[in-house]
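Each residue of the sequence shown is one higher than the one before, starting from 33 at the first, in my numbering.
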Amino acid sequence: MRILAIESSCDESAAAVLDQQAGLLAHELFSQVDLHRIYGGVVPELASRDHVQRLLPLVERALEVAATSPAQLQGVAYTAGPGLIGALLTGAALARSLAYAWGVPAIGVHHLEGHLLAPLLEPDPPAFPHVALLVSGGHTMLVEATGIGAYHLLGETRDDAAGEAFDKSAKLLGLPYPGGPQLARLATAGRPGRYSFPRPMLDRSGGLEFSFSGLKTAVLHAVRAVADLTPHAAADIALELQSAIVETLVVKAMRALEQTGHQTLVVAGGVGANQALRAALDAAARQCGVRVYYPRLEFCTDNAAMIAVAGLARLAAGEHDDLAIRARAQWPLASLRCPTPH
Ligand code: KG4
Ligand code: ZN
Numbered sequence: 033m034r035i036l037a038i039e040s041s042c043d044e045s046a047a048a049v050l051d052q053q054a055g056l057l058a059h060e061l062f063s064q065v066d067l068h069r070i071y072g073g074v075v076p077e078l079a080s081r082d083h084v085q086r087l088l089p090l091v092e093r094a095l096e097v098a099a100t101s102p103a104q105l106q107g108v109a110y111t112a113g114p115g116l117i118g119a120l121l122t123g124a125a126l127a128r129s130l131a132y133a134w135g136v137p138a139i140g141v142h143h144l145e146g147h148l149l150a151p152l153l154e155p156d157p158p159a160f161p162h163v164a165l166l167v168s169g170g171h172t173m174l175v176e177a178t179g180i181g182a183y184h185l186l187g188e189t190r191d192d193a194a195g196e197a198f199d200k201s202a203k204l205l206g207l208p209y210p211g212g213p214q215l216a217r218l219a220t221a222g223r224p225g226r227y228s229f230p231r232p233m234l235d236r237s238g239g240l241e242f243s244f245s246g247l248k249t250a251v252l253h254a255v256r257a258v259a260d261l262t263p264h265a266a267a268d269i270a271l272e273l274q275s276a277i278v279e280t281l282v283v284k285a286m287r288a289l290e291q292t293g294h295q296t297l298v299v300a301g302g303v304g305a306n307q308a309l310r311a312a313l314d315a316a317a318r319q320c321g322v323r324v325y326y327p328r329l330e331f332c333t334d335n336a337a338m339i340a341v342a343g344l345a346r347l348a349a350g351e352h353d354d355l356a357i358r359a360r361a362q363w364p365l366a367s368l369r370c371p372t373p374h
């Protein structure tokens, strides 16, 4: 089976072609970062309009790179949610229409299931069951995954997501959007111990829940306390902010492994690209005799290859949608079920 996949849930337009035997044949992406930068964040209406312009050329390019004609496709997968509703609708309408025109089934994929399954694209993929740490701009959660579509939520953030904490703190430090990667780069020049930020809900009573909204307030106070925010001071703050987020994520991830008894940790989502997080998780995992799996860096952030993995798993099992164009801004991950033939 060979399918086309389309992603348009936020500010990345992407298309990919995945083959059950040959693997990933093409993945094309256009990031709208430059479009949104002057506004300091994603402007939903601009995102939708840009997806409309970008998606079809990306699909054409992906098919060309994959040396695939529409007649060779057995299905079309697209991100049906959660995400920005207008942005989702652009990809959903295109994907559903192409599938109809080509006479193949379509399937609306859960964006977070895509993130969770992204490590399956690697040569040595993780097995089930495992614990997944999903850390993106919109979500921070620990999930027990016993199979494709079988996700049990162990804990999540009560307020800001980890990526949001990176992005909002970066803004306070005067860094351009998107702040997470910029803050991580700045942190490499930071001197440890000059600032101290809270580790929210880290003790056992905090269980597997997260809370990151207090961190941006702590950063705001630190920024206000220095008369002149020199590059040195900004780097010191960035380093300690990153350490606070990383330590919290590592402790909770190890706690989730201990509680479930699983030996495998999967890391997914944009913050999974953070090198300090990867180093700290690797070190903790070595001590606990646990294995950690990551997607390659380009598949941590939004992409269509991960949507193709989730879509192919479901289409190959015989699951598909009716002719409706599906788009849901909110869609709880735990409501998903294992692929079932329709
Ligand atoms: O998964 P993703 O592309 O989009 C969502 O579904 O949210 O994640 C984007 C988030 C942003 O908050 C971004 O700042 C963060 O991931 N991010 C990083 C790094 N790379 C991306 N945060 C910290 N360090 C990084 N290297
Ligand atoms: Zn995402």
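Where a beta carbon is used, it is the ideal one built from N, C-alpha and C, also for glycine.
{"Item": "Could you check if alanine 359 is buried or exposed, using at least 16 other CB atoms within 10 Å of its CB as the buried criterion?", "Value": "buried"}
{"Item": "Just to confirm, are leucine 148 and leucine 130 a CB contact at a threshold of 8 Å?", "Value": "no"}
{"Item": "By alpha-carbon positions, which one of Glu39, Thr333, Val282 ends up nearest to aspartate 314?", "Value": "Val282"}
{"Item": "What is the residue span of the beta strand (DSSP E) that glutamate 59 lies within?", "Value": "Note on residue identity: the sequence assigns histidine, not glutamate, to residue 59. Note, histidine 59: beta strand (DSSP E), 55-63."}
{"Item": "Work out the CA separation of leucine 344 and alanine 361 for me, nearest whole Å.", "Value": "22 Å"}
{"Item": "Look at the alpha carbon of aspartate 265 and the alpha carbon of leucine 205, and state the distance between them as a whole number of angstroms.", "Value": "At residue 265 the sequence reads alanine, which differs from the aspartate that was named. About 10 Å."}
{"Item": "How far does the alpha helix (DSSP H) with alanine 312 in it extend, from its first residue to its last?", "Value": "307-320"}
{"Item": "Could you compute how far the alpha carbon of arginine 81 sits from the alpha carbon of alanine 119?", "Value": "8 Å"}
{"Item": "Say the cut is 7 Å; is the CB of glutamate 196 nearer than that to a heavy atom of the ligand KG4?", "Value": "yes"}
{"Item": "In three-state terms, what does DSSP make of glutamate 176?", "Value": "strand"}
{"Item": "Compute the distance between the beta-carbons of arginine 226 and aspartate 268, then report whether it is under 8 Å.", "Value": "yes"}
{"Item": "So, under 8 Å CB-CB, histidine 59 and alanine 337 are touching, yes? Tell me the CB distance rounded to an integer number of Å.", "Value": "4 Å"}
{"Item": "Does the ligand ZN have a heavy atom nearer than 7 Å to the CB of aspartate 21?", "Value": "Here the chain comprises residues numbered 33 to 374, so residue 21 is not present and cannot be evaluated."}
{"Item": "Taking the alpha-carbon of tryptophan 363 as reference, which of Gly140, His253, Ala340, Glu241 has the nearest alpha-carbon?", "Value": "Gly140"}
{"Item": "Relative to the alpha-carbon of alanine 288, which residue among Leu234, Thr262, Ala259 has its alpha-carbon at the smallest distance?", "Value": "Leu234"}
{"Item": "Which residue marks the beginning of the alpha helix (DSSP H) containing valine 283, and which one marks its end?", "Value": "263-292"}
{"Item": "Give me the residue from Ala308, Pro76, Gly238, Gly350 with the minimum Cα distance to leucine 271.", "Value": "Ala308"}
{"Item": "Measure the alpha-carbon distance for asparagine 335 versus leucine 61 and round it to whole angstroms.", "Value": "7 Å"}
{"Item": "According to DSSP, which residues form a beta bridge with valine 108?", "Value": "Leu36, Ala138"}
{"Item": "Excluding five sequence neighbours on each side, which residues of the same chain lie with their C-beta closer than 8 Å to the C-beta of valine 278?", "Value": "Asn306, Ala308, Leu309, Ala312"}
{"Item": "Going by other Cβ atoms of all chains shown within 10 Å of its Cβ, with 16 needed for buried, is glycine 55 buried or exposed?", "Value": "exposed"}
{"Item": "Are the region 315-333 and the region 186-196 in contact at 8 Å, needing three or more beta carbon pairs?", "Value": "no"}
{"Item": "Note down, in chain order, each residue of its chain lying with its Cβ closer than 7 Å to the Cβ of proline 224, except the 5 sequence neighbours on either side.", "Value": "Leu271"}
{"Item": "Exposed or buried, phenylalanine 160, counting other C-beta atoms within 10 Å across all chains shown (16 or more means buried)?", "Value": "exposed"}
{"Item": "Where does tyrosine 209 sit, in a helix, a strand or coil, going by DSSP?", "Value": "coil"}
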